[in-house]
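A.B. asks:
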Amino acid sequence: MVPLAPLPDPPSAPLGNRRRGFLVTLVLVLLALASAFLLWRINDGWENSYAAYGPTADNVRQTRQAMTQAFLLQVRRREDRAFNGPSVEALLDKAALKLSDAIAGESSLLGIAGHPPEGVLLKQLQEYQRVIFDLDQSLRRSLIAPRDATRPLSEESLVVQLRLFYEADRLGEQIETELTHGLARAVGNRLQEHRAEIALWGAVLLGALALVARLGRVGMAMARQERLIQAILDSTSDGVFVKDPQGRYRMANRAIAAMIGHAPGEILGHTDDALFPAATAQAMQRSDTEVMRERKLASFETIFVDPDGQRRTVWTTKGPLADDWGKIAGVYGISRDVTERKNAEQRLREREDQLQAIIDNINEGVVTFSLDGKVLSWNRAALAMHEFPPSASTTGDLEIFFELYELLDTNGTPLPPSEWPMSRIIRGEHLRDLEFTSRRRDGTWSRTFSCGGRLVMSAEGSPVMGVLSLADISERKRVETELRTSEARFKLFMDNSPSIAWIKDSAGRHVYCSRPFLKRLHLGPDDWQGRTNEELFPGEIGADLSRTDHLVLARGHALETDERTVGPDGEELYWRSIKFPFQDGTGDWFVGGMALDVTERRRAEEAQTRSDEVARERAEELEAVMQAAPIAILLSRDPSCREILGNRAANLLFDAAEGENLATLTSGRSYRRAGQDLGLDDLPMQQAVTQRREITIDDLEVTLPGGRPLLLMGGAAPLLGRNGQMRGAVGAFLDVTRQRQASEALEESNLRFIRIFHSQPPRHQSRHPRRTLGGREPGVGSPLWAFKVRGAGAEVP
1 MVPLAPLPDP PSAPLGNRRR GFLVTLVLVL LALASAFLLW RINDGWENSY
51 AAYGPTADNV RQTRQAMTQA FLLQVRRRED RAFNGPSVEA LLDKAALKLS
101 DAIAGESSLL GIAGHPPEGV LLKQLQEYQR VIFDLDQSLR RSLIAPRDAT
151 RPLSEESLVV QLRLFYEADR LGEQIETELT HGLARAVGNR LQEHRAEIAL
201 WGAVLLGALA LVARLGRVGM AMARQERLIQ AILDSTSDGV FVKDPQGRYR
251 MANRAIAAMI GHAPGEILGH TDDALFPAAT AQAMQRSDTE VMRERKLASF
301 ETIFVDPDGQ RRTVWTTKGP LADDWGKIAG VYGISRDVTE RKNAEQRLRE
351 REDQLQAIID NINEGVVTFS LDGKVLSWNR AALAMHEFPP SASTTGDLEI
401 FFELYELLDT NGTPLPPSEW PMSRIIRGEH LRDLEFTSRR RDGTWSRTFS
451 CGGRLVMSAE GSPVMGVLSL ADISERKRVE TELRTSEARF KLFMDNSPSI
501 AWIKDSAGRH VYCSRPFLKR LHLGPDDWQG RTNEELFPGE IGADLSRTDH
551 LVLARGHALE TDERTVGPDG EELYWRSIKF PFQDGTGDWF VGGMALDVTE
601 RRRAEEAQTR SDEVARERAE ELEAVMQAAP IAILLSRDPS CREILGNRAA
651 NLLFDAAEGE NLATLTSGRS YRRAGQDLGL DDLPMQQAVT QRREITIDDL
701 EVTLPGGRPL LLMGGAAPLL GRNGQMRGAV GAFLDVTRQR QASEALEESN
751 LRFIRIFHSQ PPRHQSRHPR RTLGGREPGV GSPLWAFKVR GAGAEVP
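If you count the sequence shown from 1, position 737 lands on 737 in the working numbering, and the numbers rise without skipping.
1. So within the segment 394-432, which uninterrupted beta strand (DSSP E) runs reach at least 3 residues, ignoring any that extend past its ends?
2. Could you tell me whether the Cβ of residue 665 comes closer than 7 Å to any Cβ of chain B?
3. How should residue 37 be labelled, buried or exposed, when 16 other C-beta atoms within 10 angstroms of its C-beta is the threshold for buried?
4. Bridge partners of residue 454, per DSSP?
5. Relative to the C-alpha of residue 296, which residue among 304, 287, 751 and 302 is closest?
6. Determine the burial state of residue 102: buried for a count of at least 16 other Cβ atoms within 10 Å of its Cβ, exposed for fewer.
7. Based on the DSSP secondary-structure assignment, which residues constitute the bridge partners of residue 318?
8. I need the boundaries of the beta strand (DSSP E) containing residue 242, first residue and last residue.
9. If you count every other CB in all the chains shown that lies within 10 Å of the CB of residue 266, and 16 or more means buried, which is it?
10. Taking all protein chains shown into account, do 16 or more other C-beta atoms lie within 10 angstroms of the C-beta of residue 264, making it buried, or fewer, making it exposed?
11. Figure out for me which residue from 303, 318 and 306 has the closest Cα to the Cα of residue 800.
12. State the CB to CB distance for the pair residue 799 and residue 646, rounded to an integer number of angstroms; the pair is presumed to be in contact (CB under 8 Å).
13. Please classify residue 166 as buried or exposed, where buried requires at least 16 neighbouring CB atoms within 10 angstroms.
14. In angstroms with no decimal places, state the Cα-to-Cα distance between residue 535 and residue 476.
15. Please work out which residues of its chain come closer than 8 Å, Cβ to Cβ, to residue 450, disregarding the five sequence neighbours upstream and downstream, and give them in chain order.
16. For residue 423, tell me which candidate among 373, 405 and 404 has the shortest Cα-Cα distance.
17. Assuming residue 580 is part of the beta strand (DSSP E), what are its boundary residues?
18. Just the Cα atoms here: how many angstroms apart are residue 322 and residue 284?
19. Roughly how many whole angstroms lie between the Cα atoms of residue 798 and residue 503?
20. To the nearest angstrom, how far is it from the Cα of residue 574 to the Cα of residue 491?
21. Under 7 Å Cβ to Cβ from residue 556, same chain only, skipping five residues before and after it: list those, please.
22. Thinking just about the alpha-carbon of each residue, which of 678, 92, 399 and 732 is nearest to the one in residue 137?
23. Please state the DSSP three-state secondary structure of residue 382.
24. Could you please give me the residues that DSSP links to residue 368 through a beta bridge?
25. Grab the span of the alpha helix (DSSP H) containing residue 479 for me, first residue to last.
26. So is residue 735 buried or exposed if we call it buried at 16+ other beta carbons inside 10 Å?
27. Keeping to the same chain, check which residues put their C-beta closer than 7 Å to that of residue 272; ignore five residues upstream and five downstream.
28. Within 10 Å of its beta-carbon, does residue 588 have 16 or more other beta-carbons around it, so buried, or fewer, so exposed?
29. Do you know offhand how far residue 701's Cα is from residue 604's?
30. Residue 135 lies in the beta strand (DSSP E); which residues open and close that run?
31. Using the three-state DSSP reduction, which class does residue 76 fall into: helix, strand or coil?
32. Could you give the DSSP three-state label for residue 502: helix, strand or coil?
33. List the DSSP bridge partners of residue 726.
34. With a threshold of 6 Å on Cβ separation, who are the neighbours of residue 34 within its own chain once the five nearest residues in sequence on each side are excluded?
35. Between 119, 128 and 89, which lies nearest to residue 61 when the distance is taken from Cα to Cα?
36. For the structure I just gave you, are there three or more beta carbon pairs, one from the segment 717-734 and one from the segment 689-697, closer than 8 Å?
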């Protein structure tokens, strides 16, 4: 933004005069009110005394006040054209009317009738009326005179008006003093018993006079107070401003200046058009106009971009300002930057959406309800548990659910509605792991739930609503029932299992042994109860068993290990043991274990180790045989056959170096079969992997670099693991290029022979026309019966 030049403030002297005049009037009013209040409490007799002086004094006071204001307005009119005549005339009329009321004994005091003055007081009022009349006429003549700045009122006229004003003011003050003294004398004569109240009234009067005397110092104090208020406004984080009816800023604290992006002095005197973009300025001006038109407080939200380019949201409360005469003098506003609050509200809405999404996607059902028993919401899990569609309307009073459902406790006893979980939560109970069965009264649906819930409290600690969480434990209950049913079966299983099982306490004493345990170790019912490993097994064996038991207890988790014991005949037995710690309901620790007799497997493993050694030797021999084989053997341990190795014959056949990957030899090589070009994925080994079966071919044509052709026959087979997983492929191929060439030459010779044979004329008639060479019929074992001419597409007899 371009810096703005500050504008001077309007003159404040008239405002200060009005304030001091208002304070004087206020002091007099308060004095009159205090006097009326104190004298009212004396008794009924004071009214008569006050009626003789009070209304007259009030009329004189109003006369003085009206005449003083008229005179001051006339003086200002001479200096400032903003004041007009009718206001002065109205004040003059008021002064004349009030003075006439004082002489006539009329009262403008509510509930108090006046009395006409008599004697000296009447003469003083008549003299005061004469002076007031002269001042009135002088002022009216000044009003009638044309207003010409080049022809001001004469100094003589001003002096005459001043003399008359001071004379009238002196007489008015004298009359008011006389009336006050007369009133005091009357009250003192009539109400001697109420001196305390009169003394209090006198103290109030003296205080008021002292207050008037200190009015000047009060003005300075007010100025200091204004500076203090300005300092307070500048220290607040809320922006405070004042505008005149034309929308010009007349006051702005530092906070509002910081929001706008200018110094406070640069803002004063300018409108919103010079400080904000057009759209923002127009919105602010519309709100100012609305507040001044409606004459009431209103709040508005304004969004604008601050000097740093950040989007800011400001909440402004505006109110109208009125002058002493009730005329709208502008508008004030208090602005608060609510950007962070708006952002926080947005984040809160997002978190609420996230929380709702979490609630809708958790496995537990969640139901919320009001304190008067109305269901508010169900999450998706709760709807699914009750087999309601997601779009179902499930809100309403609990009485509706009482009619459709019934709840049963764990013993199958129906629960009354007052004992339903929601009813108990509304009463203030905190539920946890409460199990019940819910079923429809028509018998079409039943579920077992575990629930928890409580009242949701506000920040002030008052309940807001209730929340109930549901977990469908129908399956768990079914499993528990089946588990109890199968406990006996489990015991039978343990007793008939090929593995042995045992339980020991933390001191290593046996507290349970399965039947196979006792049978395998030849122990009687009384031979193991309460005994330790050292008592059951000799020497180091028992110590080793106890050492692993202590290790399981120390680590706190299961341990799988190999252990050994000694049978009754001294034979060493080997076990694959799993030991684990657990606690019973009283908190005591135990070590449980199961072991499988792996003695035979151990011996088999030793035999297998020896067999593996022999197998390795056989593999080495097989490798040597493969390398020495005259045919090409290819091997790939890659399921995609991207890496293929060959033996010496294969490397020699494909012009590859020893150990070179044959799958990468593509440059200058081509593959064909049955007249069709083959890609790498169409070769036998790749097809064996893809089709997971053996592939056999006899006409694979290979062209090596340099144009040398090969004709291969052979096959490929996939290599599968024990679990059927593809491991790779193996292939064996024989170069039949020379054999095919010889076969083709032989076929060509046979073809020529047949043509020559049929071209010769017959020399004799055979007695057996169906006979041919060798005495055999054509087509029965004769190679000359029929041939397919290569490329001719027809048979030649």
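Heads up, the beta-carbon is just placed ideally off N, CA and C, and yes, glycines get one too.
C.D. replies: Looking at the atomic coordinates:
1. 405-408
2. The chain inventory of the structure shown lacks chain B, comprising one protein chain alone.
3. exposed
4. 467
5. 287
6. buried
7. 298 and 333
8. 239-243
9. buried
10. buried
11. Here the chain comprises residues numbered 1 to 797, so residue 800 is not present and cannot be evaluated.
12. What is shown of the chain runs 1 to 797, which leaves residue 799 out entirely.
13. exposed
14. 43 Å
15. 433, 434, 435, 470, 471 and 473
16. 373
17. 572-583
18. 20 Å
19. Shown here, the chain extends from 1 to 797; a query on residue 798 therefore has no answer.
20. 25 Å
21. 581
22. 92
23. helix
24. 377 and 467
25. 474-496
26. buried
27. 247, 281, 284 and 285
28. exposed
29. 50 Å
30. Counting along the chain, residue 135 falls outside any beta strand (DSSP E), though it belongs to the alpha helix (DSSP H) covering 119-144.
31. helix
32. strand
33. 720
34. 204
35. 128
36. yes
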